[in-house]
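Using mature numbering (1 follows the signal peptide of the UniProt record, and there is no 0), the letters of the sequence shown correspond one by one to residues -21 to -1, 1 to 333.
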Amino acid sequence: MKNLITISAFLLAQAIINTCAAQGSNVSGNQEPAIKTAASANFRYAASQATPGVVHIKSYRPFAYEQASFDGAPVQGMTDGSGSGVLLSSNGYIITNYHVVMSTIAVEVVLRDRRSYPALVVGVDSVTDLALLKIDEERLPFVAMGNSDSLMTGDWVLAIGNPLQLTSTVTAGIISAKSRGIQTGNQKEHVTSFLQTDAATNDGSSGGALVDMNGKLVGINTGIVSTTGLYSGHSFSIPVEVVKKVYRDLLLHGSTTRGAMGVSLEDIPGRPGAYVESLRMTGAAMQAHIRIKDVIVKINGRAIDNVAAFYETMQLHGPGESLTVTVLRQGSPMDIPVVLSNPELTKAWAVNWQ
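Below, the structure written as C-alpha coordinates:
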(Lines of atoms letter the chains of each structure in order from A and count residues from 1; the text may use other names and numbers.)
(Lines give C-alpha, C1' and ligand atoms only; values in the text may rest on other atoms or scores of the structure.)
Protein backbone atom coordinates (compact mmCIF):
# COMPACT_ATOMS: atom_id res chain seq x y z
CA MET A 1 0.00 0.00 0.00
CA LYS A 2 2.91 2.31 0.72
CA ASN A 3 4.19 1.68 -2.79
CA LEU A 4 0.72 2.32 -4.22
CA ILE A 5 0.49 5.68 -2.46
CA THR A 6 3.98 6.65 -3.65
CA ILE A 7 3.33 5.67 -7.27
CA SER A 8 -0.03 7.47 -7.34
CA ALA A 9 1.47 10.62 -5.87
CA PHE A 10 4.33 10.47 -8.40
CA LEU A 11 1.97 10.19 -11.36
CA LEU A 12 -0.17 13.05 -10.12
CA ALA A 13 2.90 15.15 -9.42
CA GLN A 14 4.26 14.42 -12.91
CA ALA A 15 0.96 15.53 -14.45
CA ILE A 16 1.11 18.81 -12.52
CA ILE A 17 4.72 19.44 -13.55
CA ASN A 18 3.97 18.73 -17.23
CA THR A 19 0.94 21.04 -17.17
CA CYS A 20 2.87 23.87 -15.59
CA ALA A 21 5.71 23.45 -18.10
CA ALA A 22 3.25 23.67 -20.99
CA GLN A 23 1.98 26.95 -19.56
CA GLY A 24 5.46 28.33 -19.18
CA SER A 25 5.42 28.14 -15.38
CA ASN A 26 8.58 27.65 -13.38
CA VAL A 27 8.22 24.84 -10.79
CA SER A 28 11.06 24.66 -8.30
CA GLY A 29 12.54 21.23 -7.68
CA ASN A 30 12.19 21.87 -3.95
CA GLN A 31 8.48 22.66 -4.09
CA GLU A 32 6.06 19.91 -3.00
CA PRO A 33 3.25 19.13 -5.48
CA ALA A 34 -0.02 20.47 -4.10
CA ILE A 35 -1.97 17.19 -4.42
CA LYS A 36 0.75 15.17 -2.67
CA THR A 37 0.91 17.70 0.16
CA ALA A 38 -2.87 17.71 0.59
CA ALA A 39 -3.08 13.91 0.65
CA SER A 40 -0.32 13.66 3.25
CA ALA A 41 -2.04 16.29 5.38
CA ASN A 42 -5.29 14.29 5.30
CA PHE A 43 -3.54 11.13 6.44
CA ARG A 44 -1.64 12.98 9.16
CA TYR A 45 -4.81 14.63 10.43
CA ALA A 46 -6.77 11.37 10.63
CA ALA A 47 -3.90 9.58 12.36
CA SER A 48 -3.40 12.39 14.88
CA GLN A 49 -7.10 12.39 15.78
CA ALA A 50 -7.40 8.65 16.34
CA THR A 51 -4.03 7.21 17.36
CA PRO A 52 -4.03 8.53 20.97
CA GLY A 53 -7.30 6.64 21.62
CA VAL A 54 -6.04 3.24 20.43
CA VAL A 55 -4.59 1.04 23.19
CA HIS A 56 -2.52 -2.10 23.51
CA ILE A 57 -4.25 -4.99 25.31
CA LYS A 58 -2.32 -7.75 27.07
CA SER A 59 -4.33 -10.81 28.04
CA TYR A 60 -3.27 -13.59 30.39
CA ARG A 61 -4.66 -17.13 30.23
CA PRO A 62 -3.94 -20.19 32.37
CA PHE A 63 -2.76 -23.43 30.83
CA ALA A 64 -1.55 -26.86 31.94
CA TYR A 65 0.89 -29.12 30.15
CA GLU A 66 1.69 -32.79 30.60
CA GLN A 67 5.16 -32.50 32.06
CA ALA A 68 4.62 -33.62 35.64
CA SER A 69 5.84 -31.75 38.70
CA PHE A 70 7.45 -33.51 41.64
CA ASP A 71 4.05 -34.61 43.01
CA GLY A 72 2.96 -36.02 39.65
CA ALA A 73 0.38 -33.30 38.87
CA PRO A 74 0.39 -31.40 35.57
CA VAL A 75 2.41 -28.21 35.68
CA GLN A 76 0.27 -25.08 35.71
CA GLY A 77 1.36 -21.99 33.86
CA MET A 78 0.19 -18.81 32.21
CA THR A 79 0.38 -17.63 28.64
CA ASP A 80 -0.05 -14.07 27.45
CA GLY A 81 -1.64 -12.71 24.31
CA SER A 82 -1.65 -9.36 22.59
CA GLY A 83 -4.32 -7.30 20.90
CA SER A 84 -5.65 -3.80 20.44
CA GLY A 85 -8.58 -1.79 21.74
CA VAL A 86 -10.28 1.56 21.18
CA LEU A 87 -11.19 4.07 23.87
CA LEU A 88 -14.78 5.17 23.31
CA SER A 89 -15.07 7.57 26.27
CA SER A 90 -12.87 9.82 28.36
CA ASN A 91 -13.64 7.78 31.50
CA GLY A 92 -12.03 4.56 30.34
CA TYR A 93 -14.51 2.42 28.39
CA ILE A 94 -12.71 0.40 25.71
CA ILE A 95 -14.12 -1.75 22.91
CA THR A 96 -12.12 -4.69 21.59
CA ASN A 97 -12.66 -8.14 20.09
CA TYR A 98 -14.12 -10.87 22.27
CA HIS A 99 -11.45 -13.30 21.10
CA VAL A 100 -8.76 -10.96 22.46
CA VAL A 101 -10.01 -11.39 26.05
CA MET A 102 -11.74 -14.78 25.82
CA SER A 103 -10.89 -17.19 28.69
CA THR A 104 -8.56 -14.68 30.35
CA ILE A 105 -7.83 -14.47 34.06
CA ALA A 106 -6.36 -10.96 33.79
CA VAL A 107 -6.36 -8.14 31.24
CA GLU A 108 -3.93 -5.23 31.12
CA VAL A 109 -4.37 -2.08 29.03
CA VAL A 110 -1.37 -0.02 27.96
CA LEU A 111 -2.03 3.51 26.70
CA ARG A 112 -0.03 5.16 23.96
CA ASP A 113 1.91 7.14 26.59
CA ARG A 114 2.84 3.75 28.17
CA ARG A 115 0.69 4.12 31.26
CA SER A 116 -0.63 0.68 32.23
CA TYR A 117 -3.90 -0.27 33.95
CA PRO A 118 -5.70 -3.47 34.96
CA ALA A 119 -8.96 -3.76 33.04
CA LEU A 120 -12.38 -5.05 34.03
CA VAL A 121 -14.34 -7.00 31.43
CA VAL A 122 -17.76 -5.31 31.55
CA GLY A 123 -19.44 -7.64 29.08
CA VAL A 124 -18.90 -9.66 25.92
CA ASP A 125 -20.87 -10.58 22.81
CA SER A 126 -19.57 -13.70 21.11
CA VAL A 127 -21.94 -13.30 18.14
CA THR A 128 -20.31 -10.06 16.97
CA ASP A 129 -16.92 -10.87 18.54
CA LEU A 130 -16.96 -7.69 20.64
CA ALA A 131 -16.09 -7.05 24.29
CA LEU A 132 -16.29 -3.96 26.49
CA LEU A 133 -13.54 -3.21 29.01
CA LYS A 134 -13.19 -0.53 31.70
CA ILE A 135 -10.08 1.01 33.24
CA ASP A 136 -10.10 3.32 36.26
CA GLU A 137 -8.96 6.62 34.79
CA GLU A 138 -10.45 9.93 33.67
CA ARG A 139 -9.71 12.57 31.03
CA LEU A 140 -8.50 10.03 28.50
CA PRO A 141 -8.27 10.61 24.74
CA PHE A 142 -10.91 8.67 22.87
CA VAL A 143 -11.92 8.01 19.27
CA ALA A 144 -15.15 9.64 18.13
CA MET A 145 -17.69 7.41 16.42
CA GLY A 146 -18.27 7.90 12.71
CA ASN A 147 -20.80 6.37 10.32
CA SER A 148 -20.01 3.17 8.44
CA ASP A 149 -23.24 3.41 6.43
CA SER A 150 -21.93 6.51 4.64
CA LEU A 151 -18.74 4.77 3.48
CA MET A 152 -18.40 3.93 -0.19
CA THR A 153 -16.19 1.45 -1.98
CA GLY A 154 -12.93 3.21 -2.77
CA ASP A 155 -12.96 5.52 0.27
CA TRP A 156 -9.64 5.88 2.09
CA VAL A 157 -9.37 4.49 5.62
CA LEU A 158 -6.62 4.00 8.21
CA ALA A 159 -6.12 0.88 10.34
CA ILE A 160 -4.56 1.61 13.73
CA GLY A 161 -3.40 -1.02 16.18
CA ASN A 162 -0.52 -3.02 17.58
CA PRO A 163 0.37 -5.68 14.99
CA LEU A 164 3.24 -8.06 15.79
CA GLN A 165 3.87 -6.13 19.06
CA LEU A 166 4.54 -2.92 17.08
CA THR A 167 2.55 -0.38 19.08
CA SER A 168 0.60 2.50 17.51
CA THR A 169 1.04 1.29 13.95
CA VAL A 170 -0.93 3.11 11.25
CA THR A 171 -1.57 1.63 7.79
CA ALA A 172 -3.63 3.04 4.93
CA GLY A 173 -6.00 1.42 2.46
CA ILE A 174 -9.38 1.71 0.83
CA ILE A 175 -12.78 0.19 1.42
CA SER A 176 -12.66 -2.82 -0.89
CA ALA A 177 -16.23 -3.98 -0.20
CA LYS A 178 -19.11 -3.44 2.20
CA SER A 179 -21.39 -6.10 3.70
CA ARG A 180 -18.85 -8.82 2.96
CA GLY A 181 -20.48 -11.93 4.36
CA ILE A 182 -18.41 -14.61 6.09
CA GLN A 183 -20.01 -17.68 7.64
CA THR A 184 -18.98 -17.80 11.29
CA GLY A 185 -20.97 -20.84 12.45
CA ASN A 186 -22.26 -24.21 11.36
CA GLN A 187 -25.72 -22.96 10.37
CA LYS A 188 -26.58 -20.96 7.26
CA GLU A 189 -27.92 -18.07 9.30
CA HIS A 190 -24.58 -17.65 11.10
CA VAL A 191 -23.30 -15.05 8.65
CA THR A 192 -21.29 -12.05 9.86
CA SER A 193 -21.08 -8.90 7.78
CA PHE A 194 -17.75 -7.06 7.56
CA LEU A 195 -16.14 -4.07 5.94
CA GLN A 196 -13.36 -5.38 3.70
CA THR A 197 -10.27 -3.24 3.26
CA ASP A 198 -6.74 -3.60 1.95
CA ALA A 199 -5.23 -1.70 4.90
CA ALA A 200 -2.60 -4.05 6.32
CA THR A 201 -3.39 -5.75 9.64
CA ASN A 202 -1.64 -8.66 11.36
CA ASP A 203 -1.56 -10.64 14.59
CA GLY A 204 -2.17 -8.13 17.38
CA SER A 205 -4.28 -5.80 15.23
CA SER A 206 -7.51 -7.41 16.46
CA GLY A 207 -9.67 -4.90 18.30
CA GLY A 208 -7.95 -1.91 16.74
CA ALA A 209 -9.55 1.03 14.97
CA LEU A 210 -10.55 1.50 11.37
CA VAL A 211 -11.04 5.25 10.88
CA ASP A 212 -12.07 7.56 8.06
CA MET A 213 -10.17 10.62 6.86
CA ASN A 214 -11.70 12.67 9.68
CA GLY A 215 -10.17 10.30 12.22
CA LYS A 216 -13.59 8.95 13.21
CA LEU A 217 -14.21 5.31 14.01
CA VAL A 218 -15.90 3.38 11.19
CA GLY A 219 -14.98 -0.17 12.21
CA ILE A 220 -13.21 -2.49 14.64
CA ASN A 221 -10.46 -4.51 12.98
CA THR A 222 -11.14 -8.19 13.48
CA GLY A 223 -9.42 -10.57 11.09
CA ILE A 224 -7.58 -11.38 7.91
CA VAL A 225 -7.88 -14.11 5.30
CA SER A 226 -4.48 -15.77 4.98
CA THR A 227 -2.88 -19.19 4.66
CA THR A 228 0.22 -18.03 6.55
CA GLY A 229 -1.33 -16.09 9.43
CA LEU A 230 0.10 -12.85 8.04
CA TYR A 231 -1.55 -10.11 6.00
CA SER A 232 -2.13 -11.12 2.37
CA GLY A 233 -4.18 -8.23 0.99
CA HIS A 234 -7.54 -8.55 2.76
CA SER A 235 -8.58 -7.27 6.19
CA PHE A 236 -12.04 -7.34 7.78
CA SER A 237 -13.64 -4.96 10.26
CA ILE A 238 -16.92 -4.89 12.18
CA PRO A 239 -18.97 -1.88 10.98
CA VAL A 240 -19.27 0.85 13.59
CA GLU A 241 -23.08 0.87 13.32
CA VAL A 242 -23.00 -2.65 14.82
CA VAL A 243 -20.38 -1.56 17.37
CA LYS A 244 -22.62 1.30 18.56
CA LYS A 245 -25.51 -1.03 19.36
CA VAL A 246 -23.36 -3.64 21.13
CA TYR A 247 -21.49 -0.94 23.07
CA ARG A 248 -24.76 0.55 24.28
CA ASP A 249 -26.15 -2.84 25.33
CA LEU A 250 -22.98 -3.93 27.14
CA LEU A 251 -22.66 -0.57 28.88
CA LEU A 252 -26.26 -0.63 30.15
CA HIS A 253 -26.86 -4.35 30.69
CA GLY A 254 -23.55 -6.21 30.50
CA SER A 255 -24.98 -8.33 27.67
CA THR A 256 -26.64 -7.78 24.33
CA THR A 257 -29.85 -8.98 22.71
CA ARG A 258 -30.91 -9.09 19.08
CA GLY A 259 -34.18 -9.85 17.43
CA ALA A 260 -34.88 -12.64 14.97
CA MET A 261 -37.03 -12.70 11.87
CA GLY A 262 -36.97 -16.46 11.45
CA VAL A 263 -35.87 -16.72 7.83
CA SER A 264 -33.24 -18.68 5.94
CA LEU A 265 -31.88 -16.68 3.02
CA GLU A 266 -29.81 -17.04 -0.11
CA ASP A 267 -28.00 -14.53 -2.29
CA ILE A 268 -29.29 -14.01 -5.83
CA PRO A 269 -26.46 -14.07 -8.40
CA GLY A 270 -26.34 -10.80 -10.29
CA ARG A 271 -29.27 -9.23 -8.41
CA PRO A 272 -29.59 -7.25 -5.18
CA GLY A 273 -31.67 -8.65 -2.36
CA ALA A 274 -31.95 -11.69 -0.09
CA TYR A 275 -34.08 -14.60 -1.34
CA VAL A 276 -36.32 -16.24 1.29
CA GLU A 277 -35.52 -19.94 1.07
CA SER A 278 -37.40 -21.13 4.17
CA LEU A 279 -39.22 -19.85 7.27
CA ARG A 280 -39.21 -20.81 10.91
CA MET A 281 -42.49 -22.10 12.33
CA THR A 282 -44.15 -19.36 14.46
CA GLY A 283 -41.27 -17.03 13.55
CA ALA A 284 -41.73 -13.30 13.10
CA ALA A 285 -41.57 -13.47 9.30
CA MET A 286 -44.14 -16.24 9.05
CA GLN A 287 -46.51 -14.43 11.41
CA ALA A 288 -46.15 -11.28 9.27
CA HIS A 289 -46.98 -13.32 6.13
CA ILE A 290 -43.61 -13.04 4.46
CA ARG A 291 -43.46 -15.96 2.03
CA ILE A 292 -40.92 -18.35 0.67
CA LYS A 293 -39.61 -17.01 -2.68
CA ASP A 294 -40.05 -13.39 -1.53
CA VAL A 295 -36.95 -11.25 -2.02
CA ILE A 296 -36.08 -8.88 0.85
CA VAL A 297 -34.72 -5.63 -0.63
CA LYS A 298 -35.08 -3.12 2.24
CA ILE A 299 -35.51 -2.98 6.02
CA ASN A 300 -36.72 0.36 7.39
CA GLY A 301 -35.65 1.92 4.10
CA ARG A 302 -32.11 0.54 4.36
CA ALA A 303 -31.05 -1.31 1.22
CA ILE A 304 -30.50 -5.06 1.57
CA ASP A 305 -28.15 -5.91 -1.28
CA ASN A 306 -27.26 -9.41 -0.07
CA VAL A 307 -27.64 -11.85 2.81
CA ALA A 308 -24.73 -10.29 4.72
CA ALA A 309 -26.43 -6.87 4.60
CA PHE A 310 -29.58 -8.47 6.03
CA TYR A 311 -27.75 -9.92 9.03
CA GLU A 312 -25.79 -6.71 9.56
CA THR A 313 -29.08 -4.81 9.74
CA MET A 314 -30.58 -7.37 12.12
CA GLN A 315 -27.66 -6.82 14.50
CA LEU A 316 -29.00 -3.30 15.06
CA HIS A 317 -32.43 -4.35 16.38
CA GLY A 318 -33.72 -6.22 19.41
CA PRO A 319 -36.69 -8.47 20.20
CA GLY A 320 -40.05 -6.67 20.12
CA GLU A 321 -38.94 -3.97 17.68
CA SER A 322 -41.23 -3.33 14.73
CA LEU A 323 -39.59 -3.07 11.31
CA THR A 324 -40.89 -2.31 7.85
CA VAL A 325 -39.62 -5.02 5.52
CA THR A 326 -39.83 -4.32 1.79
CA VAL A 327 -40.03 -7.46 -0.33
CA LEU A 328 -40.41 -8.21 -4.00
CA ARG A 329 -43.17 -10.77 -4.50
CA GLN A 330 -43.40 -11.96 -8.07
CA GLY A 331 -41.63 -8.75 -9.05
CA SER A 332 -43.95 -6.36 -7.20
CA PRO A 333 -42.72 -4.41 -4.11
CA MET A 334 -44.62 -4.79 -0.83
CA ASP A 335 -44.03 -3.18 2.58
CA ILE A 336 -44.68 -5.66 5.40
CA PRO A 337 -44.58 -4.74 9.12
CA VAL A 338 -42.64 -7.34 11.14
CA VAL A 339 -42.27 -7.49 14.95
CA LEU A 340 -39.01 -9.24 15.76
CA SER A 341 -39.03 -12.26 18.05
CA ASN A 342 -36.54 -13.80 20.44
CA PRO A 343 -34.27 -16.11 18.41
CA GLU A 344 -34.56 -18.86 21.01
CA LEU A 345 -38.34 -19.08 20.64
CA THR A 346 -38.42 -20.21 17.00
CA LYS A 347 -36.71 -23.53 16.30
CA ALA A 348 -38.56 -25.59 13.68
CA TRP A 349 -38.37 -24.82 9.98
CA ALA A 350 -41.30 -24.72 7.55
CA VAL A 351 -39.67 -25.39 4.19
CA ASN A 352 -42.76 -25.81 2.02
CA TRP A 353 -45.12 -23.09 3.27
CA GLN A 354 -46.11 -20.70 0.47
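The beta-carbon is built from N, C-alpha and C at its ideal position, and this holds for glycine as well.
In this text the structure is predicted, and so the values were computed from the model without any measurement.
Per-residue burial, residue i [other beta carbons within 10 Å of its own, 16 or more giving buried]
i	result
Y96	buried
S184	buried
R237	buried
Q294	buried
M240	buried
T58	exposed
P312	exposed
E220	buried
residue 371	In the structure as shown, the chain starts at -21 and stops at 333, and residue 371 therefore has no counterpart that could be examined.
K272	exposed
P41	exposed
S27	exposed
S129	exposed
S243	buried
G252	buried
D108	buried
Candidates the options: closest to residue i by CA position
i	options	result
S147	V34, N70, M81	V34
T30	D191, I275, H268	D191
G186	I275, F121, I74	I74
L145	F42, D182, L231, V79	D182
V255	H268, E87, V274	V274
L111	S234, T201, P120	S234
R250	V276, G198, H268	V276
V88	S68, S69, G62	G62
I217	L230, L189, N193	L189
S69	I36, A25, E117	E117
First through last residue of the beta strand (DSSP E) which encompasses residue i
i	result
R118	First-last for R118: undefined, no H or E at that position.
V304	301 to 308
residue 341	In the structure as shown, the chain begins at -21 and stops at 333. Residue 341 is therefore absent and cannot be evaluated.
D314	311 to 318
K195	Element bounds for K195: n/a, residue is neither H nor E.
A110	109 to 113
Close Cβ partners of residue i (< 6 Å) along its chain, the five nearest in sequence each way excluded
i	result
S155	Q175, T176, D177
K195	A123, G125
D246	N285, V286
K224	L295
V103	Y77, A110
D228	T235
Q2	Note that Q2 scores 42 on pLDDT, short of 50, meaning its location in the model is unreliable and no value can be drawn from it.
Enclosing alpha helix (DSSP H) for residue i [first to last residue]
i	result
R227	219 to 232
V103	Run containing V103: none in the alpha helix (DSSP H); it sits in the beta strand (DSSP E), 99 to 104.
H78	77 to 80
Neighbourhood of residue i by C-beta distance below 7 Å, restricted to the same chain and skipping five residues each side
i	result
S158	S172, D284, N285, A287, A288, E291
Q309	none
A314	Looking at the sequence provided, one finds Asp at residue 314 rather than Ala. Excluding positions up to five away in sequence, the list reads T303, T305.
G32	V65, L66, P120, F121, V122
L99	L112, K113
Beta-carbon proximity list for residue i, same chain, < 8 Å, skipping 5 on both sides
i	result
A263	G238, A239, M240, G241, V317, V318, L319, S320, T325
4 or more residues per run - each alpha helix (DSSP H) lying fully within the segment 248 to 297: 263 to 266, 286 to 293
Ranges of the beta strand (DSSP E) found wholly within the segment 126 to 188, counting only runs of at least 3: Correct list: 135 to 140, 148 to 162, 170 to 176.
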